[in-house]
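The structure under discussion appears below in the form of structure tokens.
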Amino acid sequence: MNDAAAPVQHFQRIPIVDPEPLVSCGAFPATAVPGEDVPVSATVFREGHDLIGVAARLRDAHGAIVERVPMFRTTEDVDRYHGVLRPVSEGMHSIVIEAWADEFATWRHRARLKLAAGVDVELMLAEGVDLLSRHQAATPLEPRQREAIRAAIAALEGSAPAEPLDRLEAALSEELLAVLAAHPIRSLLSTSRVLRLQVHRRAAGHGAWYEFFPRSEGAHLDETTGTWVSGTFATARKALERAAGMGFEVVYLPPIHPIGEVGRKGRNNTLNAAPGDPGSPWAIGSKDGGHDAIHPDLGDFADFDAFVARAGELGLEVALDLALQAAPDHPWVREHPEFFTTQLDGSIAYAENPPKKYQDIYPLNFDNDYEALRAEVLRIVELWISHGIRIFRVDNPHTKPVRFWEWLIATVHATHPDVVFLAEAFTRPAMMHALAKAGFQQSYSYFTWRNTREEIEEYLTELRDESGAFLRPNFFVNTPDILTEYLQFGGPAAFRIRAALAATSSPLWGVYAGFELCEHVARPGAEEYIDNEKYEYRPRDFETALAEDRSLAPYLTRLNEIRRAHPALGELRNIRFHASEDDAVLVFSKRKDDDVIVVVLNVDPHSTRETMVDLDLDALRPYDRRREPAPELRAVDAAGSPLGQPGLPETFTARDLLTGQSWEWGARNYVRLDPKAEPAHILHVRWPQP
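According to UniProt numbering, the stretch in the sequence shown is residues 1 to 690, in order.
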């Protein structure tokens with residue numbers, strides 16, 4: 001007897017290979033949010049000439065089938081099939097690609113060829129009758145569906161002198177094809193491996209963020225003492241109203257904890273703080289406490305809870321900074337010196353990014369006492385969760401071990417699956433991808449430094465095609481640390497351009513307060529703000545700027561209104577690029593069902609651009625993903641015949657959602673974009689009714 005193990009079978013009856021979305025060979029799930037379109041694909045084929053059918057099946061976290069959608073192959077790769085799934089609930093879903101011998105498509109293809117050639121005529125018609133009769137007997141059908149099959153059988157059995165081809169085409173009615181699309185005749189059913197899809201809540205993949213420092217909101221000079229008085233959670237409520245009024249959905253607060261006094265930085269990051277300088281909020285910890293405490297100038301936990309509650313009343317969520325580092329006088333330094341790195345001279349190592357040194361911060365060392373440190377971090381995260389925080393913006397996660405984040409996020413999600421983590425990781429792509437796979441639902445990105453049309457197209461294509469299944473970029477147009485040269489020298493036009501681009505190209509975008517005032521003066525020789533708010537109070541007169549028409553707040557408000565009204569803008573992977581004859585004019589479209597948006601953007605803030613743009617009209621046509629391929633897919637049916645809708649209109653109404661103007665557009669169109677007036681068209685596409 002042969003005791004050798006049976007060989008492993010890699011192929012099923014109908015081979016299904018290279019299914020997607022598949023992240024790191026299945027080690028990690030792909031991700032989505034409810035309502036998001038998830039592209040699926042696989043290479044499927046079989047021996048011989050018999051035709052096959054392919055579909056994608058989605059099950060929810062409870063194992064129930066959410067939907068089964070057809071997949072279509074393209075002329076670009078004759079064996080690659082594509083489809084789109086749409087989860088509707090949260091939790092771990094599963095995707096399976098199904099393939100089967102399509103007996104009906106095979107018979108129909110052969111019957112048309114043989115009847116046209118006068119070969120086996122009655123035999124082919126009889127085979128059709130037999131196939132439909134067996135399917136009708138074995139399948140639970142509605143009365144109208146049974147009637148459609150009976151009518152087809154009657155047509156095939158029709159007596160002479162009716163021409164055989166006429167009998168065949170009469171049988172192949174739209175009613176019959178609809179029945180067989182809903183209830184396909186399937187044999188030799190084969191299935192792919194299970195693909196996991198983690199569906200997070202909507203805020204994980206969609207939202208408009210507004211960042212501000214609570215201490216600056218309401219800060220003022222005391223005329224008696226000549227010293228600054230900090231803003232509080234109570235005075236910062238005005239910022240909540242400002243953010244909500246502009247249509248933002250998340251307000252992000254830098255660290256709100258006590259700030260170290262030892263090594264405190266002064267204005268503009270100077271080494272010696274003057275009396276009254278508040279220090280950097282990221283230098284966490286003092287005699288007043290650490291990560292589990294609130295800076296006394298801001299208020300106490302009752303004040304914080306009231307602040308969070310007010311945000312909720314305004315339709316906002318509060319995102320809190322999680323910065324795992326410590327000031328030299330943080331309680332951890334005294335109570336847990338093992339959390340840090342001790343140098344040969346006995347001192348604790350400062351944070352460094354040579355030649356930079358951060359004298360006000362000690363980095364944590366996760367290799368000294370990993371178990372104790374991670375337990376302490378979990379305690380802190382759970383404390384803030386208990387005070388209503390469900391979103392954490394994590395500072396510099398790429399300077400901590402990835403395995404720590406994988407453990408922390410999974411542990412938090414075991415009891416709080418609605419908690420969202422945003423990675424502030426401006427670092428190498430491999431690390432950014434690893435953090436996303438480890439559980440971060442959002443990430444900062446290189447968007448901030450992508451300014452030319454070529455750079456933007458290349459980067460958005462990378463985000464769509466290479467990491468779209470697992471990494472969600474949050475397009476912040478500025479941060480307290482980042483004021484790009486584009487904004488420094490581009491004037492108000494540059495601010496409009498970057499806001500329009502971020503708000504329409506990504507479902508996640510954000511601004512740091514002061515952006516709406518076009519603050520653009522940098523510290524000499526640096527890409528950061530002069531008089532940086534990280535090191536001083538920066539109260540701003542938003543109301544006067546608005547009254548004097550010096551504020552972009554109305555523009556940001558309109559962008560957020562457009563985002564809320566148009567589902568097509570709520571996704572990243574549906575972006576498609578179109579051509580223009582001017583390298584400074586970027587053109588892209590987004591489509592979801594019958595909502596279609598075209599964005600035409602002048603990325604040059606200094607000059608007016610006039611050019612012609614060329615649109616792929618098929619990419620702008622609505623379609624039903626559950627029944628037909630995307631029009632631009634250049635798809636073919638099982639027999640290789642092109643799928644499409646001939647005779648479709650070649651012009652549409654393009655309504656600019658920023659200005660209210662409308663034009664009749666087609667495949668080729670003239671545009672003129674003056675960045676000082678309006679650098680962008682955000683066009684809603686409306687096709688004529690048939």
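Note that beta-carbon positions come from the ideal geometry of N, C-alpha and C, so glycine has one too.
Since the model is a prediction, treat every value here as computed from it, not as a measurement.
Exercise. Could you say if the stretch 320-335 and the stretch 382-402 meet the contact criterion of at least three C-beta pairs nearer than 8 Å?
Key: In short, these stretches touch, since the Cβ pair count reaches three.
Exercise. Count the other CB atoms, across all protein chains shown, that sit within 10 Å of the CB of residue 24; report buried if there are 16 or more and exposed otherwise.
Key: Locating residue 24 in the sequence shown gives position 24, where the first residue counts as 1. For residue 24, the number of other beta carbons within 10 angstroms of its own is below 16, and it is reported as exposed.
Quiz item: For residue 92, which beta-bridge partners are listed by DSSP?
Solution: Counting from 1 along the sequence shown, the entry for residue 92 is found at position 92. Answer is 198.
Quiz prompt | Of the residues 531, 71, 51, the one placed nearest residue 626, counting alpha carbons only | solution = Taking the first residue of the sequence shown as position 1, residue 626 is located at position 626. Taking only the C-alpha atoms, the option nearest residue 626 is 71.
Quiz prompt | Own chain residues within Cβ distance below 6 Å of residue 12, not counting five before or after | solution = Within the sequence shown, residue 12 is the residue found at index 12, counting from 1. Around residue 12, the same chain offers 190 as residues with beta carbons nearer than 6 Å, after the five sequence neighbours per side are excluded.
Exercise. Could you spell out where the beta strand (DSSP E) holding residue 681 opens and where it closes?
Key: Residue 681 sits at position 681 when you count from the first residue of the sequence shown. Segment 680-686, the beta strand (DSSP E) holding residue 681.
Self-check item: residue 429, buried or exposed, once every other Cβ within 10 Å from all chains shown has been counted against 16
Solution: Mapped onto the sequence shown, residue 429 falls at position 429. With a threshold of 16 other beta carbon atoms within 10 Å, residue 429 falls short and is exposed.
Quiz item: Is there contact here, the stretch 479-487 with the stretch 173-189, by at least three beta-carbon pairs under 8 Å?
Solution: By the Cβ test, the stretch 479-487 is not in contact with the stretch 173-189, since fewer than three Cβ pairs between them sit closer than 8 Å.
Quiz item: How long is the line joining the alpha carbons of residue 1 and residue 117, rounded to whole angstroms?
Solution: Residue numbering aside, residue 1 sits at position 1 when the sequence shown is read from its first letter. Residue numbering aside, residue 117 sits at position 117 when the sequence shown is read from its first letter. Residue confidence is low: residue 1 scores 49 on pLDDT, short of 50, so the model does not pin down where it sits. Its coordinate-derived value is still stated next. About 56 Å.
Quiz item: Is DSSP giving residue 729 helix, strand or coil here?
Solution: With the chain represented from 1 up to 690, any question about residue 729 goes unanswered, as that position is not in the structure.
Quiz item: Start and end of the beta strand (DSSP E) containing residue 654?
Solution: As a first step, residue 654 must be located in the sequence shown, where it is residue number 654. It spans 652-656 - the beta strand (DSSP E) in which residue 654 sits, taken as one unbroken run.
Practice problem: Quick one: residues in its chain with C-beta nearer than 8 Å to the C-beta of residue 668, no 5 flanking neighbours on either side, listed in chain order? | Solution: Here residue 668 refers to the residue found at position 668 of the sequence shown. Result list for residue 668: 612, 613, 614, 615, in chain order.
Exercise. Per DSSP, which residues does residue 535 bridge with? Please list them.
Key: Along the sequence shown, read from residue 1 onward, the residue named residue 535 stands at position 535. The partner list for residue 535 (beta bridge, DSSP) is empty, contrary to what the question assumes.
Quiz item: Who are the Cβ neighbours of residue 230 in its own chain at under 6 Å, not counting the five residues just before and after it?
Solution: In the sequence shown, the residue the question calls residue 230 occupies position 230. The residues 215, 219, 297, in chain order, have a CB closer than 6 Å to that of residue 230 in the same chain once the five nearest residues on each side in sequence are set aside.
Quiz item: Of all the options 344, 633, 228, 282, which has the alpha carbon lying nearest to the alpha carbon of residue 254?
Solution: On the sequence shown, position 254 is the one that residue 254 refers to. The candidate whose alpha carbon is nearest that of residue 254 is 282.
Quiz prompt | Residue span of the beta strand (DSSP E) that contains residue 335, given as start and end | solution = Along the sequence shown, one-based indexing puts residue 335 at 335. Annotation: residue 335 is outside any beta strand (DSSP E); the continuous alpha helix (DSSP H) that includes it extends over 331-335.
Practice problem: From the DSSP output, in three-state form, read off residue 1 for me. | Solution: Taking the first residue of the sequence shown as position 1, residue 1 is located at position 1. In this predicted model, residue 1 has a pLDDT of only 49, less than 50, meaning its place in the structure is not dependable enough to derive any value.
Quiz prompt | Ranges of the alpha helix (DSSP H) found wholly within the stretch 75-119, counting only runs of at least 4 | solution = Complete alpha helix (DSSP H) runs here, min 4: 103-117.
Quiz item: Does the count of Cβ pairs from the stretch 107-124 and the stretch 62-69 closer than 8 Å reach three?
Solution: By the criterion of at least three beta-carbon pairs nearer than 8 Å, the stretch 107-124 is not in contact with the stretch 62-69.
Quiz prompt | Best match in 656, 506, 475, 572 for proximity to residue 39 [C-alpha to C-alpha] | solution = Counting from 1 along the sequence shown, the entry for residue 39 is found at position 39. For residue 39, the closest of 656, 506, 475, 572 by C-alpha to C-alpha distance is 572.
Exercise. Sort out for me which residues DSSP pairs residue 284 with in a bridge.
Key: By 1-based counting over the sequence shown, the position of residue 284 is 284. 259.
Exercise. Counting only the same chain and skipping the five closest in sequence on each side, list residues whose C-beta sits under 7 Å from that of residue 444.
Key: Here the question's residue 444 lines up with position 444 in the sequence shown. Exclusion of the five residues before and after residue 444 leaves 423, 424, 425, 426, 474, 476 as the residues of its chain whose Cβ lies within less than 7 Å of its Cβ.
Quiz item: Taking 8 Å as the CB-CB limit, is residue 168 close to chain C?
Solution: Absent from the structure: chain C. Only one protein chain is present.
Quiz item: What do you get for residue 271, buried or exposed, if any count of 16 or more other CB atoms within 10 angstroms of its CB means buried?
Solution: To locate residue 271, count along the sequence shown from 1; it is residue 271. With fewer than 16 other Cβ atoms inside 10 Å of its own Cβ, residue 271 counts as exposed.
Practice problem: Only counting runs of 3 or more residues, tell me where the beta strand (DSSP E) segments fall wholly within the stretch 384-448, in order along the chain. | Solution: Considered as a whole, the stretch 384-448 harbours 391-395, 420-424 as its complete beta strand (DSSP E) runs of no fewer than 3 residues, in chain order.
Exercise. Return helix, strand or coil for residue 591, following the three-state DSSP convention.
Key: Walking along the sequence shown from the start, residue 591 turns up at place 591. Of the three classes helix, strand and coil, the one that applies to residue 591 here is strand, per DSSP.
Self-check item: residue 740, enclosing alpha helix (DSSP H) - first and last residue
Solution: Residue 740 lies beyond the stretch modelled for the chain, which goes from 1 to 690, so this question has no answer here.
Exercise. Please determine, among 639, 494, 656, the residue with the shortest C-alpha to C-alpha distance to residue 606.
Key: Position 606 of the sequence shown, counting from 1, holds the residue named residue 606. For the set 639, 494, 656, the Cα lying nearest the Cα of residue 606 is the one of 494.
Quiz item: Can you list the alpha helix (DSSP H) stretches of 4 or more residues lying completely in the stretch 505-592, in chain order?
Solution: Here the runs fully enclosed are 542-547, 553-565.
Exercise. Decide if residue 465 is buried, meaning its Cβ has at least 16 other Cβ atoms within 10 Å, or exposed.
Key: By one-based count along the sequence shown, residue 465 stands at place 465. When all chains shown are included, residue 465 counts as exposed.
Self-check item: Residue from 244, 193, 374 with nearest C-alpha to residue 212
Solution: Here the question's residue 212 lines up with position 212 in the sequence shown. Ranking 244, 193, 374 by Cα distance to residue 212 puts 244 first.
Quiz item: Counting Cβ pairs, one atom from each stretch, are 3 or more of them under 8 Å apart for the stretch 590-609 and the stretch 532-549?
Solution: With the cut-off at 8 Å, the stretch 590-609 and the stretch 532-549 do not touch.
Quiz item: Thinking just about the alpha-carbon of each residue, which of 549, 135, 209, 165 is nearest to the one in residue 125?
Solution: Within the sequence shown, residue 125 is the residue found at index 125, counting from 1. The shortest C-alpha separation from residue 125 is found at 165.
Quiz item: Can you give the Cα-Cα distance for residue 635 and residue 503, rounded to whole angstroms?
Solution: Numbered from 1 along the sequence shown, position 635 holds the residue referred to as residue 635. Numbered from 1 along the sequence shown, position 503 holds the residue referred to as residue 503. The alpha-carbon separation between residue 635 and residue 503 amounts to approximately 32 Å.
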